[in-house]
Each structure stands twice: as structure tokens, then as C-alpha cells.
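To start, the structure itself, in C-alpha cells.
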Amino acid sequence: MTNPTLAHGSTLVLATHNAGKLAEFAALMAPFGITVVSAGALNLPEPEETATTFEGNAIIKAQAAARAANLPALADDSGLCVAALGGAPGVYSARWAGPDKDFAGAMARIHEGIGTDDRAAWFTCVLCLALPDGQTWCFEGRVDGQINWPPRGTNGHGYDPVFQPEGETRSFAEMTDEQKNAISHRARAFAAFRAACLA
Numbered sequence: 324m325t326n327p328t329l330a331h332g333s334t335l336v337l338a339t340h341n342a343g344k345l346a347e348f349a350a351l352m353a354p355f356g357i358t359v360v361s362a363g364a365l366n367l368p369e370p371e372e373t374a375t376t377f378e379g380n381a382i383i384k385a386q387a388a389a390r391a392a393n394l395p396a397l398a399d400d401s402g403l404c405v406a407a408l409g410g411a412p413g414v415y416s417a418r419w420a421g422p423d424k425d426f427a428g429a430m431a432r433i434h435e436g437i438g439t440d441d442r443a444a445w446f447t448c449v450l451c452l453a454l455p456d457g458q459t460w461c462f463e464g465r466v467d468g469q470i471n472w473p474p475r476g477t478n479g480h481g482y483d484p485v486f487q488p489e490g491e492t493r494s495f496a497e498m499t500d501e502q503k504n505a506i507s508h509r510a511r512a513f514a515a516f517r518a519a520c521l522a
């Protein structure tokens, strides 16, 4: 299946209601002349994420947004995987924070769960591009590192304060957006997407 090319001047729906993700992707897309509008801004419903893999959930979200908006849609599903927790929270990363998005509680749960055990962890991101006809293409990115405690930094979002990428002394939350975007799992997935789909 040939990769689609998103031309300069295209509009792309980002299948998210998360303002942080929208800002991140809008900045990544700006050099290509692509307008990014969020599913939230279009008042699109959020589909239930019933898959057990990042790829499966990204496909669900991208296809739902593409059909509802009748535009190409990009969805990401990403999460933090902790070796000592058997890869959890993984695809359930957002759900660990609960309906109130209590990431401080979720980070404490990880810390308590691993104790002084293996602190190896990785962030995974799968991007899915969907067309209104249902066709999809997926791209994966991963960054390895470790859990640091206590949480450090105030930038970023989610689990960034407890994740220290390999080769770094800072957590993701101690980096500027530019520094994080240069090495993050989302940036790596985006690089694969860019090479395949952006003119």
C-alpha cells in the first residue's frame, strides 16, 4: 500500500482533546505548511479505546476522527512502560491517572510498585494516519531510560517528571520543549511519519 502524501496547505485533524499534544504537533507540522485542528476543537466524540496495543488504540482514534471530520486524521497512542511492572502502565497510562488526570498519584503508584527494583522504563508512541475511507498507516517511536524519584521539573505533561531518558541527567520535565522534541518517542514516531507522508 503506497503511503499518502499530505501536501502543503492541507488540513489534518489531530485526534486528541489534549491541548499539550495539540501544541506539540502543531509545532512539528508548521514547517510543512499543514494546518492542524484538534478533534476537541471540532467537538468530535472520543471513541472508546478498547485495544490492548498502542497501535490498535491509535487506529481506533484516527479512523473515528477521519470519518467524523471527512479529513485525514492523525492519532497517537503513547504511554510509559516500566520493566519492573511487566510493561505497565503501558496502554493504560492515561487511565492510571484516573478521570481527574491525577498524574502525581499515578507517578507515586509507579514508584511504590517498583521500590528499589529495576528502574528501566521506556516511552512508546504509535502514530496512525487515517483517511476518511478507513485506510491507515502506523509509525512507531520509542525512547529508553529509567524512572527517577522524586519527580523533577515542571515542563511537559503526564509522566515526564519521573522519566530520565538514556544518556541524560535530566528528566523530560526538566527539558525545554525543543530539547524533549529532539529525542522523544513522539518525535521518533513523527520522523518516520514525516519521511513517509510529508512532501
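In case it helps, our numbering puts the sequence shown at residues 324 to 522. C-beta: ideal position from N, C-alpha, C; glycine also.
For this session: Compute the beta-carbon to beta-carbon distance between L454 and F462, rounded to the nearest angstrom, for a pair I have assumed lies under 8 Å.
Result: A Cβ-Cβ distance of about 15 Å is found for the pair L454 and F462, leaving them out of contact under the 8 Å criterion.
Exercise. Using the beta-carbon count (16 or more within 10 Å), is K384 buried or exposed?
Worked result: buried
Exercise. Near E378, which residues of its chain fall below 8 Å by C-beta distance, leaving aside the five closest residues on each side in sequence?
Worked result: D400, V449, C451, C461, E463
Exercise. Is there at least one non-hydrogen atom of the ligand HEM closer than 7 Å to the beta-carbon of L394?
Worked result: As for the ligand HEM, it is missing from this structure, which has no ligand bound.
Exercise. What residue range is occupied by the uninterrupted alpha helix (DSSP H) comprising L337?
Worked result: Looking at the DSSP string, L337 is not in any alpha helix (DSSP H); the run it does join, the beta strand (DSSP E), is 334 to 337.
Exercise. At what residues does the beta strand (DSSP E) containing F377 begin and finish?
Worked result: Run containing F377: none in the beta strand (DSSP E); it sits in the alpha helix (DSSP H), 377 to 392.
Problem set entry | Alpha-carbon spacing of Q487 relative to G476, whole angstroms | A straight line joining the alpha-carbon of Q487 with that of G476 spans about 11 Å.
Exercise. Taking just the CA atoms, how far does A387 sit from P370?
Worked result: 7 Å
Problem set entry | T339 to Q502 span [Cα, whole Å] | One C-alpha to the other measures close to 23 Å.
Exercise. DSSP beta-bridge partners for C448?
Worked result: S401, G464
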